[in-house]
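Only one structure is covered here, and it is reproduced in the block below.
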Amino acid sequence: MPNTKQDRARVAAGQDHEVKYEAHKEGVSKQAVKNAVKEVGNSRKKVEGKLEEGDL
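Residue numbers (the numbering used here): -3 to 52.
Okay, structure coming up:
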């Protein structure tokens, strides 16, 4: 299991299962997750922070 800790710290917007998981976890659409990744990068903390702001 290489880089699992690093992998968990990132949201892979190209991986549907990752986007779906994050969308379900945050209660938002998959598109909102993709938009957040585009705007703030793929850091899970930054994406979740952006989604919690609710302006996507």
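Don't be surprised by glycine CBs; every beta carbon is placed ideally from N, CA and C.
Quick one: what's got a C-beta closer than 7 Å to residue i's C-beta in the same chain, skipping five residues either side?
i: residue 16; result: 26
i: residue 6; result: 38, 39 and 40
i: residue 33; result: 7, 9 and 43
In chain order, what residues of the same chain lie with their CB nearer than 6 Å to the CB of residue i, ignoring the 5 residues before and after it?
i: residue 42; result: 36
i: residue 24; result: 47
i: residue 29; result: 15, 18 and 19
i: residue 22; result: 47
i: residue 8; result: 14
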